[in-house]
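Chains as they are written, first to last, in this note's numbering: chain A, 1 to 309; chain B, 1001 to 1309; chain C, 2001 to 2309; chain D, 3001 to 3309. Ideal Cβ placement from N, Cα and C applies to all residues, glycine included. Computed from a predicted model, the values in this text were never measured in an experiment. For reference, the structure discussed in these notes is given below.
4 protein chains.
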Amino acid sequence: MPDLQRVVSEIVDEMRARTDRGEVATYISELGRVDPSLFGLVVIAEDGTVAAGGDCDLPFSIQSISKVFTLTLALGKVGDRLWRRVGKEPSGSPFNSIVQLEREQGIPRNPFINAGAMTVTDVILSGHQPREALGEILRFMQFLGQDPTITIDEAVAASEQRTGFRNRALANYMKSFGAIENSVDYVLGAYFHHCAIAMSCRQLATAGRFLAHLGRNPDTGHSVVQPERARRINALMLTCGHYDGSGEFAYRVGLPGKSGVGGGILAVAPGKASIAVWSPGLDPSGNSHLGRLALEAFTKRLGWSIFGM
Amino acid sequence: MPDLQRVVSEIVDEMRARTDRGEVATYISELGRVDPSLFGLVVIAEDGTVAAGGDCDLPFSIQSISKVFTLTLALGKVGDRLWRRVGKEPSGSPFNSIVQLEREQGIPRNPFINAGAMTVTDVILSGHQPREALGEILRFMQFLGQDPTITIDEAVAASEQRTGFRNRALANYMKSFGAIENSVDYVLGAYFHHCAIAMSCRQLATAGRFLAHLGRNPDTGHSVVQPERARRINALMLTCGHYDGSGEFAYRVGLPGKSGVGGGILAVAPGKASIAVWSPGLDPSGNSHLGRLALEAFTKRLGWSIFGM
Amino acid sequence: MPDLQRVVSEIVDEMRARTDRGEVATYISELGRVDPSLFGLVVIAEDGTVAAGGDCDLPFSIQSISKVFTLTLALGKVGDRLWRRVGKEPSGSPFNSIVQLEREQGIPRNPFINAGAMTVTDVILSGHQPREALGEILRFMQFLGQDPTITIDEAVAASEQRTGFRNRALANYMKSFGAIENSVDYVLGAYFHHCAIAMSCRQLATAGRFLAHLGRNPDTGHSVVQPERARRINALMLTCGHYDGSGEFAYRVGLPGKSGVGGGILAVAPGKASIAVWSPGLDPSGNSHLGRLALEAFTKRLGWSIFGM
Amino acid sequence: MPDLQRVVSEIVDEMRARTDRGEVATYISELGRVDPSLFGLVVIAEDGTVAAGGDCDLPFSIQSISKVFTLTLALGKVGDRLWRRVGKEPSGSPFNSIVQLEREQGIPRNPFINAGAMTVTDVILSGHQPREALGEILRFMQFLGQDPTITIDEAVAASEQRTGFRNRALANYMKSFGAIENSVDYVLGAYFHHCAIAMSCRQLATAGRFLAHLGRNPDTGHSVVQPERARRINALMLTCGHYDGSGEFAYRVGLPGKSGVGGGILAVAPGKASIAVWSPGLDPSGNSHLGRLALEAFTKRLGWSIFGM
C-alpha cells in the first residue's frame, strides 16, 4: 500500500497552487456564490485508512452525484425492470439535451443525464408524496455516509425550483410521452431536492465505499447491493458519469466516477478505495476542472487505472 | 488461476447449443456468405496458457477490430496530436452516422466509429501510397499475431469498394470539411483493405496481448506501446468499442473490447488475459450476438470484470 | 364572378359523401369529443357576397388559426422588432418539435409553430395580466368576426392546461434561453386560452377578410393593417401555415392558409375572397383532411391559385 | 401597365450604387473569379415587352436555377410518380445538409435542395449515358431560352467535379439507401454539368416565361406544361426556392423564385412577367444579396406580390 496520505497532501498542494480553476456554475444562483478556491480530497482505502486534505469537511452541493445513489435505490425497488424506462448508453450530448428525447420518444439514454435521473426519481416516488421519497433518499445518504447530520440545502433546492426551466422542460417533455408516471411537480420537487443534498468529501467518500468493494462496506460489513450490481453501477459511471466528457475522464483518469455541477466527483477504485474530490470550478463539459486533474494525478501516481496496473 | 480451458469448453458448448444467433451482416456481400453456426473462442493468459475452443483457427474478417491496431499505429506516428483530429467521446449514434459530423464540422467523435477510423487511416497514409500504408498495417498485424501468413481477404475488400456507399459518403463529407488530407480514394482504399484483414481467434487473441499487459507481450517481452498508452486504448475500447451498444457491453461484460461486423470481438482483461471470440450473427447494434453472450458468461464465471473482483 | 354558392354547395355535398375523414385530434380530450362528420364551408367574396354550406354556423375550436390574429396584434405593437425574437422560415419539423429550438437557442423558426406562437403571445402580454391580454385578443376577434358573442371555450382551455405537457416543455425550454419575458404560466395561460377561442366558419371567414383585401375589410372600410403587412402575413401563411404540410398545401391548394388542430382552415384568395372550412378529422401532419381537399377542389374549380390564373 | 423599362433602369442604378454586395461563392473556385460588381436585370412582360438593364447579356453560371428546368423535364417523364422519391416540403436546413437524409432514409425533402435535385437528375438519366441526358437538358434550355448558343461552362463543371466533396457525399449517401438508381458518377456528372449551364439574364427570363403564363410561352404559343403543372412548379419555388431563406424571400419579394450560387435568381410574376436578375455576391443563406433586394424593390414599386395587389 502506498503512503496514501502523502500522495493526497501533495496533490492538494499542487491543486491549490494552480490558477486555472474553471468556472463556477452560475445557472443555479446559490452555487454561483461558492468560493472557487476551495478544494478537498478524501481517499478511503479498503482497510478503512482515510487520507484527507484541503477543505474535506466542508459540505457542498452534491448535485448529480446523488444520481448514483438514487439509481442504487431504484434498482433495489424494481431491479432490471428499470431498464425498460431508461437506457444504458452514453448520450453523446450535453447533460441537459432534449434532442435525444425527441428521437427516442421519451426514453432517456442513461440514468445519469438529467432526463434519465428524473425517470429514476419517478420510480422512487411511485405514488408516494415527494416528502416521503425524499426522506427515504436522505436517510439512505445518512446511512451510507455514516452521518445523520447530512441534510438538504433548502436554499439550493429553492433556487432550482425557481429557475430550473430547462429541467422543467425535460420533465414536461417526458410526461408528454407518458414516460413519467407521477406529477411533473412531484418529480421535479424530489429531483431538485435530492440534487441539493450537501455533503463533505469525507461523507461522500464514505458513502461510495460499497461501490469499491463489491457492494459491501468493508468496515461495517453492511451489504448494500449484490456484487454484480455494484460492478454494473460502476460500469455506468465509467461510460456515462461525466456527461459529454465521460470518454475523456475514462481516458485520463481510468476509474469509474460521477461528477456534479457543484464541483464534486465521486470516483471508485474497485478493490482499493473510494475517493471524493471537490473543486467548484467546472470545465466546459460541466465537470470539476481541478477535480478531474487531481484524480488524474492521483491514479497516475498510484497506477490505479482499471485499464491496467 | 481457474481452469481456463474447462470454462472455455463449457462456453463453446453452450453457445453452439443456442438457436438465437443474430443476423449475419449482409451489406458487405462477401460477409453474408459466412456460415452463421461457426463459433470460436480463445483466451491467452498472462503466463502464455492458451485456452481455445470451437472454430478458433478459422480466419474471419476482423473488420472494425482492425481499428484498435490502426489507432495504435497512428498514436505511434503522431502521438497526442491525433486528438486534434478525432475525439474521445462515445457517439450516441449508430456506427455509420453522418449527423454528428455535420454538427461537429468533420471532427469524428472517436476513432472507432467509421468516420474516426478513416481519420486514423488518413494519418497512417500521410502522403504514402495506399499500398505502402497497407503493407505497414499488415506487417504490424503479422508481428502482433505472430503469424506471417495473416493476410487481406481481397474479395471482401473488393466487395466494400463496390458497395460501400455510406462509407464513401462519410469520407467525402469529411473531405468537404478539410478533415481528410489524402485523396478520398486513397483513404477508402486503405480503410476497406485493413478492415478486410482475415484472422483467426487464436491470431487475434495473440495480437491483443500487449493491451492486457501494459503494452508488452509477456511471452516475447516485446514492448509495443508505453503502459499509459495501453491503458488509454483500453479506456477507448470500453467507452466506444461497441458503437451504440458500448454501454450495454460495459454493463454486462465489464471488459474493454472491440467488435467488428464480421462477428469477432477482441476483449482485454487487464493483467489477466487477451480474449478473442467469433460468431458471425450480429445484434441490432452491429455487434456479435453470441460473442457478447459468451464474454458475459466468461467474465461472470471468472469474476473478471474491471469494475470489481 | 363564378356562381360561388353553387360551387360551395357541390363541394359540401362531395365532402359529406366521403368516408375518409382523417382522425380527430385526441391529445386535447375536449377536441376528441367532436363529431367527425361535421363539415362547414364559407366563402366571402370582395363584394360581400357570402356563399355558405354545411355546418357553417357551428362554432369550433380555432386553435392554431388564432396565431394569424395574435401575429397581427403583435406586429401592431412592436412592428418589425418582432423578427428579432422569431424567424420567418418554414421549420421542416412537426408543429411541436423542440429540436429546432436547441439548435437555434430559443429562437423559434416562425410565428406559427407552437414555440413561435408562444413568443408572439409573450409580446402581447408584455407585462400585463393574462386576463387583460386575453381580453384584448378576444375583443380583436369579435371586432374582426363582427360578432360580440365570439368567446373562449373554457373546457378546451382547461383541458390543455391539464394535459399540454409538450407545450409546457416548449415554453419552459424557451424560458431557459431567456427567450420568454413573462412568467411561463402567464404565457401558457394566455396561449391555451386564445387557442380555445370558438368560432364558426362564417365568423372566421369574416375575420379573415382584411387579409384578402390589402389589410382592409371592404364592407366596413375598416383598415386593420397596411397593405404590405397583409401581404406579408399571407406570405407567412403560405410558407409556414400548415406545419410540416405547408409545401403540400401550397402545391395542391395554391392559397395562403392557416390550419388548426380543431379541424379548421382559414384560406385567403388575395383580391377575391376570404374562405373558412371546417372538418374535424386531421391528416398525419395535423391539418384538416377534408378541409384541405375541399379547398383543393374549390381552387381547382375556380382557378384561384396565386401561382397562375 | 407601368413603364417597366424606367423601373428596371432605376433599380439597376440603385443596385450599382450600393456597397453591400454580399460574398461571391468561393467553394467552386471558378465562381470565385467572377467580378462582384456585375449586375443585370431583365423583365419580360406577357405581351413580350422586354425591360433590360445592366450586364443583362453576360452569361453566368445558373447553378441551382437549372433545377427548375430539370424538375420540369422529370415531371414530363414520370409525372406525379416523381413524388415517391422526393418530397415537397421546405427543408428547414441549409441547401447541402445531410442530416435530413438520415432521418428520412434517403428521401430528400424537396427537389431544390441538392439531394433532391440529384434525385431529379437520376430520373432524367434513367439508364441513359450522362452525355445523352445532358444533351436533352441543354437542348431544353436552348429551346426555352430561344438561343441555340446556350452552353455548358466546362471549367465550372470540372471545378465541381474536382472539389464537390459535399455533393459527392450526398449522392453516395442516397445511393446507400438505394435512393439513386444510376451510378453515383453518372448522376454527379450530369448534375454538375447542368448546374454549369451558362445563361444571361435575357436568356433566363425568356426561358422562365412558360411559368408566368400557365405553362405556355405567350409569344411562340408553345405549350411547355399544363397550367396546373406550371402553378405547382411555382408553388415549389415559393416554398423551397431559396433554401433556408425561402420564407424571407416570400415575405419580402412575394413572388415564386429560384436562386443559384452563381448569383442569379429567376422570379415569376404569374400572369404578368418573367424576371431574371444577377449579382454574384451572396447572403449568408447562399442567395444573391442584391438580386433579392432588386426584386424586393421591383415588386414593391409595381405592387406585384402574389399575396395581394
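Check your understanding: Closest to ALA3250(D) by CA distance: which of SER3305(D), CYS3201(D), ALA3294(D), GLN3146(D) is it?
Key -> SER3305(D)
Check your understanding: What did DSSP end up calling LEU1211(B) once you bin it into helix, strand or coil?
Key -> helix
Exercise for review: Determine which residues of the stretch 133-166 of chain A have a Cβ less than 9 Å from any Cβ of chain C, and write them out in chain order.
Suggested key: THR163, GLY164, PHE165, ARG166
Review point. In chain B, which residues lie less than 7 Å from GLY32(A) when you measure between Cβ atoms?
Key: Per Cβ cutoff of 7 Å: no residues; GLY32(A) is ~27 Å from chain B at best.
Review point. What residue does the beta strand (DSSP E) around SER1275(B) start on, and which one ends it?
Key: In the sequence under discussion, the amino acid at residue 1275(B) is Ile, which differs from the Ser named in the question. Element bounds for ILE1275(B): 1273-1278.
Practice item. Assuming LEU1295(B) and VAL1277(B) form a contact by the criterion Cβ under 8 Å, report the distance between their Cβ atoms to the nearest whole angstrom. Key: 6 Å
Point to revise | Short CB-CB distance (under 8 Å) between TYR3191(D) and chain E | key: This model lacks chain E altogether, as its protein chains are A, B, C and D.
Point to revise | Those runs of the alpha helix (DSSP H) which lie wholly inside the stretch 2027-2111 of chain C and span at least 4 residues | key: 2066-2078, 2099-2103
Exercise for review: In angstroms with no decimal places, state the Cα-to-Cα distance between LYS1258(B) and ALA1198(B).
Suggested key: 16 Å
Point to revise | Three CB pairs or more closer than 8 Å across the stretch 67-75 of chain A and the stretch 121-128 of chain A | key: yes
Point to revise | SER1126(B) burial status per 10 Å Cβ neighbour count (16 or more: buried) | key: exposed
Point to revise | Secondary structure of LEU3266(D), DSSP reduced to three states | key: strand
**Study point:** chain B contact for ILE113(A) (CB, 8 Å cutoff)
**Key:** no
Check your understanding: What are the boundary residues of the beta strand (DSSP E) that includes MET199(A)?
Key -> 197-199
Review point. Rounded to the nearest angstrom, how far is the Cβ of ALA1212(B) from that of GLY1145(B), given a contact under 8 Å?
Key: So it is not a contact: roughly 15 Å between Cβ atoms.
Exercise for review: To the nearest angstrom, report how far apart ASN1167(B) and LYS3088(D) are at their CA atoms.
Suggested key: 28 Å
Check your understanding: chain A beta carbons: is any one of them nearer than 8 Å to that of ILE1306(B)?
Key -> yes
Check your understanding: Any heavy atom of the ligand ADP closer than 7 Å to the CB of PRO3108(D)?
Key -> The ligand ADP is not part of this structure, which contains no ligands at all.
Practice item. Assign ARG18(A) to one of three DSSP states: helix, strand, or coil. Key: coil
Practice item. Take PHE192(A) as the anchor and find which of ASP13(A), ALA273(A), ASP47(A), LEU138(A) has the nearest alpha-carbon. Key: LEU138(A)
Practice item. Name the one or two DSSP bridge partners that GLY2257(C) has. Key: ALA2267(C)
Exercise for review: Report yes or no: is there a C-beta of chain A within less than 8 Å of the C-beta of VAL2086(C)?
Suggested key: no
Exercise for review: Using the Cα positions of GLU1154(B) and ARG3216(D), report the straight-line distance between them to the nearest angstrom.
Suggested key: 57 Å
Review point. Helix, strand or coil: which one does DSSP assign to GLY116(A)?
Key: helix
Check your understanding: alpha helix (DSSP H) containing THR3239(D): first to last residue?
Key -> 3227-3240
Review point. Taking Cβ-Cβ distances below 7 Å as the criterion, which residues of the stretch 236-251 of chain A are in contact with chain B?
Key: LEU236, LEU238, THR239, CYS240, ASP244, SER246, GLY247, GLU248, ALA250, TYR251
Check your understanding: Helix, strand or coil: which one does DSSP assign to ILE1180(B)?
Key -> coil
Review point. Under 8 Å, do SER3246(D) and THR2239(C) count as touching if we go by C-beta distance?
Key: yes
Review point. Per DSSP, LEU3281(D) forms a beta bridge with which residues?
Key: The sequence shown places Gly at residue 3281(D), not Leu. DSSP output for GLY3281(D) lists VAL3024(D) as bridge partner(s).
Point to revise | Whole-Å CB distance - VAL7(A) paired with GLY54(A), under 8 Å assumed | key: Wrong, their Cβ atoms sit about 13 Å apart, outside the cutoff.
Check your understanding: Looking only at C-alpha atoms, which of PHE307(A), ILE113(A), VAL86(A) sits nearest to GLN105(A)?
Key -> VAL86(A)
Check your understanding: Is the CB of TYR3186(D) under 8 Å away from at least one CB in chain B?
Key -> no
Review point. Which residues mark the beginning and the end of the alpha helix (DSSP H) in which ILE3137(D) is found?
Key: 3130-3144
Review point. Under a three-way DSSP split, which group does THR1151(B) fall into?
Key: strand
Review point. In or out: GLY2079(C) buried (at least 16 other Cβ within 10 Å) or exposed?
Key: exposed
Review point. Using 8 Å as the Cβ pair cut-off and three pairs as the minimum, do the stretch 1016-1029 of chain B and the stretch 1296-1303 of chain B touch?
Key: no
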